[in-house]
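Q: Quick one: this structure, given as structure tokens, is what I'll be asking you about.
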Amino acid sequence: MRGDSIAGTIAAITVFGLSALWLSACFTNRIHDDTLVCDSDGCRCVAGRANCDGDWGDGCEIDLQTSPAHCGGCQQQCLNGSCVAGSCLCTTPTVWDDCDDSPTNGCETWLLGDDSLHCGQCDQACGPTALCQDGICTERCLNGVLCGDVCVDTSIDPLNCGNCGNDCASNEACFDGNCQPCDWVCGLCLEQELGDTVPQHVDGVPTGNGLSSLCWTDPLPSTAYRFFAPTTGPYVFNTFGSPADTALSLRLEEDPCLELECVNLGIGGDLIGTVSLAADQSLVVEVASPGDIHDAHQLHITAGTDPLCGLQALVLEPPIDDGGDFNNAADALQPSCAPPGGLEVATKLIVPQSGYYLIDTDGSETDTVLYVLDDNCSGAELGCDDDTNDQDALLVLPLIAGHAVVVVVELRAGSPVGNYVLHIEGPL
Numbered sequence: 011m012r013g014d015s016i017a018g019t020i021a022a023i024t025v026f027g028l029s030a031l032w033l034s035a036c037f038t039n040r041i042h043d044d045t046l047v048c049d050s051d052g053c054r055c056v057a058g059r060a061n062c063d064g065d066w067g068d069g070c071e072i073d074l075q076t077s078p079a080h081c082g083g084c085q086q087q088c089l090n091g092s093c094v095a096g097s098c099l100c101t102t103p104t105v106w107d108d109c110d111d112s113p114t115n116g117c118e119t120w121l122l123g124d125d126s127l128h129c130g131q132c133d134q135a136c137g138p139t140a141l142c143q144d145g146i147c148t149e150r151c152l153n154g155v156l157c158g159d160v161c162v163d164t165s166i167d168p169l170n171c172g173n174c175g176n177d178c179a180s181n182e183a184c185f186d187g188n189c190q191p192c193d194w195v196c197g198l199c200l201e202q203e204l205g206d207t208v209p210q211h212v213d214g215v216p217t218g219n220g221l222s223s224l225c226w227t228d229p230l231p232s233t234a235y236r237f238f239a240p241t242t243g244p245y246v247f248n249t250f251g252s253p254a255d256t257a258l259s260l261r262l263e264e265d266p267c268l269e270l271e272c273v274n275l276g277i278g279g280d281l282i283g284t285v286s287l288a289a290d291q292s293l294v295v296e297v298a299s300p301g302d303i304h305d306a307h308q309l310h311i312t313a314g315t316d317p318l319c320g321l322q323a324l325v326l327e328p329p330i331d332d333g334g335d336f337n338n339a340a341d342a343l344q345p346s347c348a349p350p351g352g353l354e355v356a357t358k359l360i361v362p363q364s365g366y367y368l369i370d371t372d373g374s375e376t377d378t379v380l381y382v383l384d385d386n387c388s389g390a391e392l393g394c395d396d397d398t399n400d401q402d403a404l405l406v407l408p409l410i411a412g413h414a415v416v417v418v419v420e421l422r423a424g425s426p427v428g429n430y431v432l433h434i435e436g437p438l
């Protein structure tokens with residue numbers, strides 16, 4: 011009788027245009043499954059149940075309150091957690107947690123992994139120079155070795171020389187991973203005594219770890235030299251011609267080790283520093299290598315003023331267009347290519363790069379003589395030109411990076427006073 015009643019019901023509903031086949035499955039399973047509700051709106055699941063496979067033949071087969079694969083809704087996986095009352099609970103929130111607040115993927119984030127955005131807990135981000143290790147933000151050691159929790163360069167670190175814990179003796183410095191004997195001056199390993207010779211040129215490479223400085227924070231691989239001023243006055247130190255980037259620090263040894271000058275802008279090695287020293291004062295010159303411990307450098311030392319013509323040393327970046335007059339000029343020099351008695355204006359400069367340089371006085375209003383002296387006004391003459399048929403003079407000379415030269419424009423004896431022009435171009 012009951013079967014006849016169900017069949018009659020289906021037939022009656024079909025009259026109203028509903029699908030007999032669809033409702034047949036619903037009513038047939040409703041007999042055996044109390045998770046189904048069948049009415050004029052069709053089949054649906056009771057609260058907390060779901061037909062996640064789309065097959066009404068097995069009814070509302072999923073319990074959304076407890077299913078880890080369908081927690082609170084179909085396809086909402088509760089990974090690494092427990093489904094309780096339709097919500098995914100992260101049972102080990104210090105290991106796995108729901109950091110994206112999405113109900114579809116459960117406790118998706120491993121807090122002890124390498125996720126630097128959620129390190130140890132959700133939204134705890136490590137800084138740009140740190141990584142996440144075991145739930146703790148740890149500073150990266152990209153260019154060194156991690157000794158304990160400190161990132162060190164074992165090639166120059168005297169406490170971890172070559173490997174962690176290898177401590178160099180007090181009279182040693184660490185260079186290239188080896189402890190080597192060292193004469194310490196101002197906290198630097200003294201490489202060479204330069205004496206009081208001016209001018210002089212030194213080629214070197216870093217021999218140890220330097221100090222932090224006014225113009226660089228972290229100690230850099232460096233070389234330290236000691237220089238004694240022969241006379242009172244300014245001195246110029248430059249690294250022109252160095253094949254790699256350099257940094258330069260000048261420290262007065264007896265004050266004690268007061269840093270007088272620091273420059274760290276030399277791309278390609280071109281740096282210059284000038285300090286004033288009393289006669290016999292000692293200066294510790296540190297040449298550092300920001301790039302690599304094996305980068306070579308050049309160091310040039312010249313007197314900042316000239317004892318004969320009192321010229322300040324300048325760093326000029328060609329092309330140079332300069333000029334002036336001879337109103338306050340004196341006759342202190344004698345060129346080889348012109349008669350005596352001319353008034354001269356001289357400029358001492360440091361050559362920035364090796365090569366040929368063109369120097370001329372084209373455009374001057376009066377007759378000029380042009381000559382170049384090595385290092386100072388009493389230095390050897392490198393070239394001289396007096397164009398007797400014209401008031402302009404021209405020289406093309408090979409000059410060496412880092413060396414000082416004195417460029418002299420002289421009013422030719424007997425010529426009227428007027429303005430002069432000086433052009434320098436190079437290296438050609």
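Counting from 11, one number per residue, gives the positions in the sequence shown under our numbering.
Backbone N, C-alpha and C fix where the C-beta goes; we use that ideal spot for every residue, glycine too.
1. By how many angstroms is the C-alpha of Q308 removed from the C-alpha of A254?
2. Counting pairs of Cβ atoms below 8 Å between the segment 334-348 and the segment 385-401, do you hit three or more?
3. Using DSSP with H/G/I as helix, E/B as strand and the rest coil, what is D395?
4. Using the beta-carbon count (16 or more within 10 Å), is N337 buried or exposed?
5. Going by Cα to Cα distance, which pick from A179, V160, L156, L200 is closest to S292?
6. Mark Y366 as exposed unless 16 or more other C-beta atoms lie within 10 angstroms of its C-beta, in which case mark it buried.
7. Using the rule of at least 16 other Cβ atoms within 10 Å of the residue's Cβ for burial, across every protein chain shown, is D228 buried or exposed?
8. May I have a chain-ordered list of the beta strand (DSSP E) segments no shorter than 3 residues that lie completely inside the segment 150-214?
9. Are C88 and G116 touching if we call contact CB-CB under 8 Å?
10. Whole angstroms are fine: how far does the CA of D377 sit from the CA of D302?
11. Quick one: residues in its chain with C-beta nearer than 7 Å to the C-beta of C196, no 5 flanking neighbours on either side, listed in chain order?
12. Against chain B, with Cβ distances strictly below 8 Å, would N274 count as a contact?
13. For D400, which of helix, strand or coil comes out of DSSP?
14. Given A411, which residues of its chain have a CB within under 6 Å of its CB, disregarding the five upstream and five downstream residues?
15. Counting pairs of beta carbons, one from the segment 201-212 and one from the segment 230-240, are three or more of them closer than 8 Å?
16. Is W66 helix, strand or coil when you go by DSSP?
17. What are the boundary residues of the beta strand (DSSP E) that I410 is part of?
18. Rounded to a whole number of angstroms, what is the C-alpha to C-alpha distance between Q190 and L156?
19. With 16 other CB atoms within 10 Å as the buried threshold, where does S222 fall?
20. Express the C-alpha separation of G220 and C100 in angstroms, rounding to a whole number.
21. Does the beta-carbon distance from S286 to G243 come in below 8 Å?
22. Pull up the distance between the alpha-carbon of C174 and that of N181, whole angstroms please.
23. In angstroms with no decimal places, state the Cα-to-Cα distance between G91 and A183.
24. Under the rule that 16 or more other beta-carbon atoms within 10 Å means buried, what is L31, buried or exposed?
25. Comparing C-alpha positions only, which one of D385, G352, T371 sits nearest to G424?
26. Cutting at 7 Å between CB atoms, please list the residues of its own chain near H128, excluding the five before and the five after it.
27. Is V417 closer than 8 Å to L359 when the C-beta atoms are compared?
28. Who are the Cβ neighbours of G436 in its own chain at under 7 Å, not counting the five residues just before and after it?
29. Can you have a look at V427 and say buried or exposed, based on whether 16 or more other CB atoms are within 10 angstroms of its CB?
A: A quick look at the data gives this:
1. Counted from its first residue, the sequence shown places residue 254 at position 244. Counted from its first residue, the sequence shown places residue 308 at position 298. If I take the Cα positions, the gap works out to 10 Å.
2. Yes, the segment 334-348 is in contact with the segment 385-401.
3. One-based indexing of the sequence shown puts residue 395 at position 385. Strand at D395.
4. Translated into positions along the sequence shown, residue 337 becomes position 327. So N337 ends up on the exposed side.
5. Position 282 of the sequence shown holds residue 292. The candidate whose alpha carbon is nearest that of S292 is L200.
6. Counting from 1 along the sequence shown, the entry for residue 366 is found at position 356. Under this definition Y366 is an exposed residue.
7. Counted from its first residue, the sequence shown places residue 228 at position 218. Under a 10 Å Cβ-count criterion, D228 is classified as exposed, with fewer than 16 other Cβ atoms of the shown protein chains found around its own Cβ.
8. Runs of the beta strand (DSSP E) inside the segment 150-214: 155-157, 160-162, 182-185, 188-191, 193-195, 198-205, 210-214.
9. What you label residue 88 is simply residue 78 of the sequence shown in a count that begins at 1. What you label residue 116 is simply residue 106 of the sequence shown in a count that begins at 1. Using a Cβ distance threshold of 8 Å, C88 and G116 count as a contacting pair.
10. Position 292 of the sequence shown holds residue 302. Position 367 of the sequence shown holds residue 377. Between D302 and D377, the C-alpha separation is close to 52 Å.
11. For the purposes of this step, residue 196 is taken as residue 186 along the sequence shown, with counting starting at 1. Scanning its chain for C-beta atoms nearer than 7 Å, with the 5 sequence neighbours on each side dropped, one finds around C196 the residues R261, E263, C267, V294, in chain order.
12. Included in the structure is just one protein chain, with no chain B present.
13. As a position in the sequence shown, residue 400 is number 390, starting the count at 1. Shown here, D400 sits in coil according to DSSP, grouped into three states, outside any helix or strand.
14. The residue labelled residue 411 in the question sits at position 401 within the sequence shown. Excluding sequence neighbours, A411 sits near F250, G251, V361, Q363, S364.
15. With three or more CB-CB distances shorter than 8 Å, the segment 201-212 counts as touching the segment 230-240.
16. Reading the sequence shown from its first residue, position 56 is the one you call residue 66. In the structure shown, W66 sits in a helix (DSSP, three-state: H, G or I).
17. Within the sequence shown, the letter at position 400 stands for residue 410. Secondary structure note for I410: it is in no beta strand (DSSP E), with a DSSP letter that is neither H nor E.
18. Within the sequence shown, residue 190 is the residue found at index 180, counting from 1. Within the sequence shown, residue 156 is the residue found at index 146, counting from 1. Here the alpha carbons of L156 and Q190 stand approximately 23 Å from one another.
19. Along the sequence shown, read from residue 1 onward, the residue named residue 222 stands at position 212. Residue environment for S222: exposed (fewer than 16 other C-beta atoms within 10 angstroms of its C-beta).
20. Mapped onto the sequence shown, residue 100 falls at position 90. Mapped onto the sequence shown, residue 220 falls at position 210. Each residue's alpha carbon lies about 52 Å from the other.
21. Along the sequence shown, one-based indexing puts residue 286 at 276. Along the sequence shown, one-based indexing puts residue 243 at 233. Yes, these two residues count as a Cβ contact at 8 Å.
22. Your numbering for residue 174 matches position 164 in the sequence shown. Your numbering for residue 181 matches position 171 in the sequence shown. So the two alpha carbons sit approximately 19 Å from each other.
23. For the purposes of this step, residue 91 is taken as residue 81 along the sequence shown, with counting starting at 1. For the purposes of this step, residue 183 is taken as residue 173 along the sequence shown, with counting starting at 1. Looking at the two C-alpha atoms, the distance is approximately 56 Å.
24. Within the sequence shown, residue 31 is the residue found at index 21, counting from 1. For L31, the predicted model reports a pLDDT of 45, less than 50, meaning its position is unreliable; a value from the coordinates is still stated below. The residue is exposed, with fewer than 16 neighbouring Cβ atoms inside 10 Å.
25. Residue 424 sits at position 414 when you count from the first residue of the sequence shown. It is G352 whose Cα lies nearest to the Cα of G424.
26. Within the sequence shown, residue 128 is the residue found at index 118, counting from 1. For H128, where only same-chain residues beyond five positions count, the Cβ hits under 7 Å are C109, T119, L121, Q134.
27. Your numbering for residue 359 matches position 349 in the sequence shown. Your numbering for residue 417 matches position 407 in the sequence shown. The Cβ-Cβ distance between L359 and V417 falls below 8 Å.
28. Residue numbering aside, residue 436 sits at position 426 when the sequence shown is read from its first letter. Within the same chain, Cβ atoms closer than 7 Å to the Cβ of G436 are found at P328, G365, Y366, Y367, L368, the five residues on either side in sequence being excluded.
29. Sequence index remark: in the sequence shown, residue 427 carries index 417 (1-based). In the assembly as shown, V427 is an exposed residue. Its beta-carbon has fewer than 16 other beta-carbons within 10 Å.
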